[in-house]
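Reviewing the structure listed below.
Protein chains in written order, with the working numbering: chain A, 4 to 342; chain B, 4 to 342.
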């Protein structure tokens, strides 16, 4: 049996690919935040032993994959596919991290939704019989992102209240047949949603409509209400975007209530750590999922989680040319018990 | 039945996803080249009705998808997935081209291997029962690539003999169950190969080892000799890279001979059009496949084609930091007759 289509966007998986292992690696600031105990590796500086921030990002992602592979008891070349992507131009963070892996490599670009996109594709490939072990991973680095997307760090620019702090972090999840779980039971793939937001210092607002679209489609197509889940975890909407998402859903009669968590709002202590609206970046949702969320599922705290990572698909060039910011959100349902 | 693994890299597809429709859209220079009759749309200028080259690239890609959808008799929102990516930072060409498509969107980054990566993933998703109709598409634009990767166009820099000319072009292929064909019968996914080439004016040399790796794995894992195919089409190695590929294969006893075609070497008349080693860019192999190659298969000229698009996974930043250029190559086998 293979995947079963529940609606235009949602597929129910038959083979239930499960989490064989997961790992996270983060920077110093993330290691001082509320989730510090959940990360496998915290680097004491921004360099991860390298000479540039871009190389540091690759080193962090490589380390994260090796940690996950170690827990799974396999070498990277034993993976049937590696699915990865990042925010750096030409996704160079992933390419250099994985160039010696020896495994089939499929590069993705989903901006900060990459972890969900990678899990979605990995699940579909495994469910279709095309692979037994697939790694889904991604990273972001505050320093490499800041100078690529915003200003030179030395410039010391002021930050807008709705702005977010790019997480220095990586997360890797290895999915497999015959894994101990949790299992991916269904996936909802997002379409691009652009309501005309142009403020690149307010990504949460640009991405919230896409999250709303995907979550509503997920609930409608699966017939599940939000309370089917113990937690609905969005990627990196931050405080501002999370509030907007709940408002948008509420207008359509969908109430997430206290089961809504946002990785961007969870990873830092916003006030103490001075991150304005919260964390962002591919590594935000990836490191929170691979660490805190999966730990909580394994320990029995959560049995059913909907992981919905969000991405903003603009570039500095498109913003300079006056374009608005297209958002996207993919969702995967993780469950500890399956029928 | 679902995909069957023939080896570490190669999967045989059981449902044989077929080509429902394909389309190509290119710029003026490509429309004056040897393959001019095979393109569906040739724009008389570089702008495709837009005000910037980046917007032009998106307009070209959108037009290409609409042409393919028109031939398939469906609207973009009728697609189960759209898989696309491009060379622009943050793959913005694809995001803006497809933001109004209404279909589930999965962004890819495979540099110039994107068309093969998209076809590979589309085939696996369809084969696994996750979709019935999937569009695989990509684009590149000489002007947007030149200013992002090399120099401002106004600078008029001299070109090195081994350099390639980024194709202004897009190609889209819609795969489906119950399509008239040709069919994708098996796929070989590439791993990253980096032999230390650092000359970004010689991408062919950087990508040839990856093409060699994937082709050799394909032949070994399928048990097919090169003469199983009427044509082995590489993506955009150009004249220099093609020669290197044939030399590398020859050292291992694999002779492609006259059945080797390279999209980069085919799309321009190198001498008359002044393109040095040939064409490159995601749109190079995509437009040649979607046009010339599939036309030739439909008319009976070729019955079996191995399409192996190559990508160079570096970025301007990685090159500035002294990194060598990692290459990748994915291959898909297209056949008009299946058992």
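Where is the CB? At the ideal position from N, CA and C, for every residue including glycine.
All of these numbers come straight from a predicted model, not from anything done at the bench.
Tell me whether the segment 314-331 of chain B and the segment 111-127 of chain B touch, counting them as touching only if at least three CB pairs, one residue from each stretch, are closer than 8 Å.
yes
Am I right that residue 79 of chain A and residue 104 of chain A are in contact with their C-beta atoms under 8 Å? What's the rounded C-beta distance?
Right, their Cβ atoms sit about 4 Å apart.
Would you say residue 12 of chain A and residue 280 of chain A are within 8 Å of each other, going by their C-beta atoms?
No, these two residues do not count as a Cβ contact at 8 Å.
Given this structure, state the Cα-to-Cα distance separating residue 8 of chain B from residue 112 of chain B, to the nearest angstrom.
24 Å
Any heavy atom of the ligand NAP closer than 7 Å to the Cβ of residue 75 of chain A?
As far as ligands go, the structure on display features none, and thus does not contain the ligand NAP.
Compare the C-beta of residue 344 of chain A against all C-beta atoms of chain B and say whether one is closer than 8 Å.
This structure cannot speak to residue 344 of chain A, because chain A is shown only from 4 to 342.
Counting only the same chain and skipping the five closest in sequence on each side, list residues whose C-beta sits under 8 Å from that of residue 85 of chain A.
68, 79, 101, 104, 106, 107, 108, 109, 137, 138, 140
Excluding the five sequence neighbours on either side, which residues of its own chain have a C-beta within less than 6 Å of the C-beta of residue 41 of chain B, listed in chain order?
294, 295, 298
Taking the alpha-carbon of residue 210 of chain A as reference, which of A:170, A:226, A:242 has the nearest alpha-carbon?
A:242
Using the C-alpha atoms, what's the distance from residue 237 of chain A back to residue 172 of chain A?
17 Å
Distance check for residue 127 of chain A and residue 248 of chain A, CA to CA, integer angstroms please.
28 Å
Does the beta carbon of residue 167 of chain B come closer than 8 Å to any beta carbon on chain A?
no
Is the number of C-beta pairs between the segment 151-160 of chain A and the segment 256-273 of chain A that are closer than 8 Å three or more?
no
Looking at residue 151 of chain B: is its Cβ nearer than 8 Å to the Cβ of residue 283 of chain B?
no
Under 8 Å between C-beta atoms, does residue 205 of chain B make it to chain A?
no
For residue 4 of chain A, does the three-state DSSP call read helix, strand or coil?
In this prediction, residue 4 of chain A has a pLDDT of 48, which is less than 50 and means its spatial position is unreliable; what the coordinates show is noted afterwards. Coil at residue 4 of chain A, not helix or strand.
Which runs of the beta strand (DSSP E), 3 residues or longer, sit entirely within the segment 64-151 of chain A?
84-89, 108-110, 136-143
Return the first residue and the last residue of the beta strand (DSSP E) that residue 173 of chain A is part of.
172-179
Could you tell me whether the segment 202-221 of chain B touches the segment 169-183 of chain B, where touching means 3 or more Cβ pairs closer than 8 Å?
no
Chain B beta carbons: is any one of them nearer than 8 Å to that of residue 187 of chain A?
no
What are the start and end residues of each continuous beta strand (DSSP E) run of 3 or more residues lying completely inside the segment 219-245 of chain A, in chain order?
234-237
Residues in the segment 305-317 of chain A with C-beta within 7 Å of chain B's C-beta atoms, listed in sequence order?
316, 317
Classify residue 313 of chain A: buried if its beta carbon has 16 or more other beta carbons within 10 angstroms, exposed otherwise.
buried
Can you give the Cα-Cα distance for residue 317 of chain B and residue 92 of chain B, rounded to whole angstroms?
12 Å
Comparing the C-beta of residue 84 of chain B with each C-beta of chain A, is any distance below 8 Å?
So, interface residue.
Short check: CB of residue 53 of chain A to CB of residue 290 of chain A, under 8 Å?
No.
Are any of the Cβ atoms in chain B nearer than 8 Å to that of residue 320 of chain A?
yes
Can you pull the chain A residues whose beta carbon is under 8 Å from the beta carbon of residue 194 of chain B, in chain order?
104, 105, 106, 107, 108
By DSSP, does residue 14 of chain B sit in helix, in strand, or in coil?
strand
Against residue 197 of chain B, what residues of chain A qualify as contacts under a CB-to-CB distance less than 7 Å, listed in chain order?
102
Identify which residue in B:268, B:309, B:177 has its Cα closest to the Cα of residue 338 of chain B.
Measuring from the Cα of residue 338 of chain B, the nearest candidate turns out to be B:309.
For the candidate residues B:231, B:253, B:96, B:315, whose alpha-carbon lies nearest to that of residue 307 of chain B?
B:231
At least one CB of chain A closer than 8 Å to the CB of residue 58 of chain B: is that the case?
yes
Taking just the CA atoms, how far does residue 55 of chain A sit from residue 187 of chain B?
42 Å
So, does the CB of residue 120 of chain B fall closer than 8 Å to a CB anywhere in chain A?
yes
Short of 7 Å Cβ to Cβ, which residues in the segment 223-257 of chain B face chain A?
none
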